[in-house]
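Accompanying notes for the structure given below.
There are 2 protein chains.
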Amino acid sequence: MTKVVPDPMSGEEFEKLAIERVSELTPNVHAEAMSLVYNVVRLANRMVADIESQVHSAAGWSWAGFRIMFVTLVFGELEPRQISILSDVSRASVSSVLNTLERDGLVVRLRESEDRRLVTVRLTEQGEQSVMKAFVAHNQRERDWTLALTQKECTQLTTLIRKMLQSGPQANDQNGQ
Amino acid sequence: MTKVVPDPMSGEEFEKLAIERVSELTPNVHAEAMSLVYNVVRLANRMVADIESQVHSAAGWSWAGFRIMFVTLVFGELEPRQISILSDVSRASVSSVLNTLERDGLVVRLRESEDRRLVTVRLTEQGEQSVMKAFVAHNQRERDWTLALTQKECTQLTTLIRKMLQSGPQANDQNGQ
DNA sequence: AACTGATTGTCTATGCTCTAACGATCTTTC
DNA sequence: GAAAGATCGTTAGAGCATAGACAATCAGTT
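Protein chains in written order, with our numbering: chain A, 800 to 976; chain V, 800 to 976.
This is how it looks when you write it as structure tokens:
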């Protein structure tokens with residue numbers, strides 16, 4: 800009665816079935832586009848989940864926390880709005896994550912700029928030590944992921960993804976890329 | 800005093816700066832791995848945010864809601880645990896999203912299986928109409944994204960990503976892929 | 001100086017995500 | 001049969017994400 804899902808169903812099997820089924824319901828399905836987006840999102844989710852569980856949550860923080868700590872490490876110190884732009888996240892989210900990081904003593908918020916609206920985010924001593932240590936493990940895990948590919952494939956993949964990022968969605972684009 | 804971020808700083812500029820800076824602090828940085836993971840995650844975030852804002856939130860729901868509706872459309876009806884496996888999300892998250900979808904009259908939860916632990920999720924009439932309509936717009940937007948690439952590049956990219964998904968992280972892998 | 005408009009960081013409300021724990025139910029073992 | 005173990009869906013609690021509204025501040029015009 801109930802259609803049973805083959806127990807270990809791979810992503811590719813699901814893709815195939817989905818394209819088949821959807822093609823019955825609606826014409827002109829862009830199968831290649833569907834596969835591409837599906838796989839990009841799936842890979843990103845897997846990578847984030849993997850690195851978060853293997854590296855960051857073990858160290859007591861999150862992917863989001865690390866991302867903010869990392870850009871702050873790179874630039875020395877930053878204002879929240881810059882963090883927001885650099886890590887592609889809303890100002891509200893930055894504010895929220897900073898609450899956690901500040902509570903845990905990893906960053907401090909200062910009001911020392913001429914422009915009194917601005918907040919300066921700076922790593923504490925502990926924060927700097929932690930993020931440097933975490934980066935090593937993080938980067939090691941990133942490398943583990945790339946071992947699936949040859950050096951050449953790795954470069955190719957990065958190049959293609961950069962190309963998509965630069966162009967964005969190409970048609971009917973009403974709010975810029 | 801404060802290091803100022805060049806206002807429209809591209810992802811690539813940030814990558815370059817980050818690699819430079821991090822290489823001063825720690826040896827043996829895997830720059831290619833860093834770039835790859837960074838760009839994959841960035842692209843996925845952009846795609847999800849774009850499609851969510853252009854298609855799904857306009858229709859009154861979320862990416863997560865659509866994903867569940869879609870797999871249910873493909874299979875006719877499903878149990879939450881199968882949805883969980885197919886969409887790579889925890890059972891708890893599925894349960895949470897189903898609450899929203901059920902509240903909005905898009906799906907129903909039934910207890911009609913022999914195994915009385917199981918719940919059967921089925922689309923309502925309205926749900927089926929909605930998800931089919933949303934799929935067309937969703938898939939159109941997916942195609943807009945692929946226009947940045949040639950047909951050949953698109954296939955290449957999908958193939959490389961599938962390869963990474965199948966292999967997973969290759970070393971020090973303690974909990975399976 | 002006063003008005004207008006834009007920007008910054010934060011707060012609220014809502015939703016998705018996870019882990020960990022729970023009762024209910026099935027399965028296996030004794 | 002009864003006890004032990006596994007599985008299913010849900011809940012609780014925490015964190016991150018968004019949009020939208022807000023006070024404070026700055027910049028420009030008049």
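Yeah, the Cβ is synthetic: ideal placement off N, Cα and C, and Gly gets one too.
Just how far apart, CA to CA, sit residue i and residue j?
i	j	result
arginine 942 of chain V	leucine 964 of chain A	14 Å
threonine 801 of chain A	valine 870 of chain A	Here threonine 801 of chain A scores only 36 on pLDDT, less than 50, and its place in the model is too uncertain to base an answer on.
tryptophan 944 of chain A	alanine 817 of chain A	27 Å
glycine 859 of chain V	glutamine 928 of chain V	14 Å
proline 968 of chain A	leucine 946 of chain V	7 Å
threonine 899 of chain V	alanine 830 of chain A	29 Å
glutamate 819 of chain A	glutamate 819 of chain V	47 Å
serine 822 of chain V	tryptophan 862 of chain A	21 Å
arginine 921 of chain V	aspartate 903 of chain V	14 Å
arginine 960 of chain V	arginine 915 of chain A	One point to set straight first is that residue 960 of chain V is isoleucine, not arginine, in the sequence displayed. Distance between the alpha carbons of isoleucine 960 of chain V and arginine 915 of chain A: 46 Å.
aspartate 887 of chain A	histidine 855 of chain V	20 Å
arginine 866 of chain V	glutamate 924 of chain A	43 Å
glycine 864 of chain A	valine 873 of chain V	37 Å
leucine 885 of chain V	glutamate 814 of chain V	33 Å
histidine 937 of chain V	threonine 949 of chain A	33 Å
asparagine 838 of chain V	alanine 843 of chain A	9 Å
methionine 833 of chain A	asparagine 827 of chain V	38 Å
leucine 897 of chain A	lysine 962 of chain A	32 Å
serine 895 of chain A	glutamine 881 of chain A	15 Å
valine 935 of chain A	alanine 970 of chain A	41 Å
alanine 848 of chain V	alanine 857 of chain V	12 Å
serine 966 of chain V	serine 966 of chain A	29 Å
leucine 917 of chain A	glutamine 955 of chain A	41 Å
lysine 951 of chain V	lysine 951 of chain A	17 Å
valine 836 of chain A	leucine 835 of chain V	17 Å
Starting from residue i and walking both ways along the beta strand (DSSP E), at which residues does that stretch end?
i	result
threonine 919 of chain V	919 to 922
arginine 908 of chain V	906 to 909
With residue i as the anchor, note down where its alpha helix (DSSP H) starts and where it stops.
i	result
arginine 902 of chain V	890 to 902
valine 840 of chain A	830 to 850
glutamate 812 of chain A	810 to 824
Put residue i into one of helix, strand or coil per three-state DSSP.
i	result
glutamate 755 of chain V	What the structure shows of chain V is the stretch from 800 to 976, and residue 755 of chain V is not part of that stretch, so it cannot be assessed.
glycine 859 of chain V	coil
serine 886 of chain V	coil
threonine 801 of chain V	For threonine 801 of chain V, the predicted model reports a pLDDT of 37, less than 50, meaning its position is unreliable and no value from the coordinates is stated.
aspartate 972 of chain A	Below a pLDDT of 50, predicted positions are generally treated as unreliable, and aspartate 972 of chain A, at 47, falls in that range; the measurement from the model is reported next regardless. Note: aspartate 972 of chain A maps to coil in three-state DSSP.
Using a Cβ-Cβ cut-off of 8 Å (strictly less than) and excluding sequence neighbours within five positions of residue i, which residues of its own chain qualify?
i	result
asparagine 974 of chain V	Residue placement at asparagine 974 of chain V cannot be trusted, given a pLDDT of 45 that sits under 50; what the coordinates show is reported in the next sentence. If we look at asparagine 974 of chain V and ignore the five residues flanking it on each side, it has no Cβ neighbours.
threonine 919 of chain V	Glu876, Leu877, Glu878, Arg908, Leu909, Arg910, Glu911, Ser912
glutamate 901 of chain A	Val907, Arg908
threonine 825 of chain V	none
arginine 890 of chain A	Pro879, Arg880, Ser883
Ordered along the chain, which non-local residues of its own chain (more than five positions away) have a Cβ less than 7 Å from that of residue i?
i	result
glutamine 853 of chain A	Arg940
methionine 846 of chain A	Trp944
cysteine 953 of chain A	Thr945
arginine 841 of chain V	Gly810
alanine 933 of chain V	Val854, His855, Ala858, Phe865
threonine 958 of chain A	none
With a CB to CB cut of under 6 Å and the five nearest residues on each side skipped, what residues in its chain are close to residue i?
i	result
glycine 926 of chain V	Leu905, Val906
methionine 868 of chain A	Val930
glutamate 851 of chain A	Trp862
valine 893 of chain V	Pro879, Ile882, Ser883
Would you check whether the ligand MG has a heavy atom nearer than 8 Å to the C-beta of residue i?
i	result
leucine 885 of chain V	Questions concerning the ligand MG fall outside what the structure shown contains, since it holds no ligand whatsoever.
Quiz item: Which full runs of the alpha helix (DSSP H) of 4+ residues lie inside the segment 916 to 969 of chain A, going along the chain?
Solution: Contiguous alpha helix (DSSP H) elements confined to the segment 916 to 969 of chain A occur at 924 to 945, 950 to 966, taking only those with 4 or more residues.
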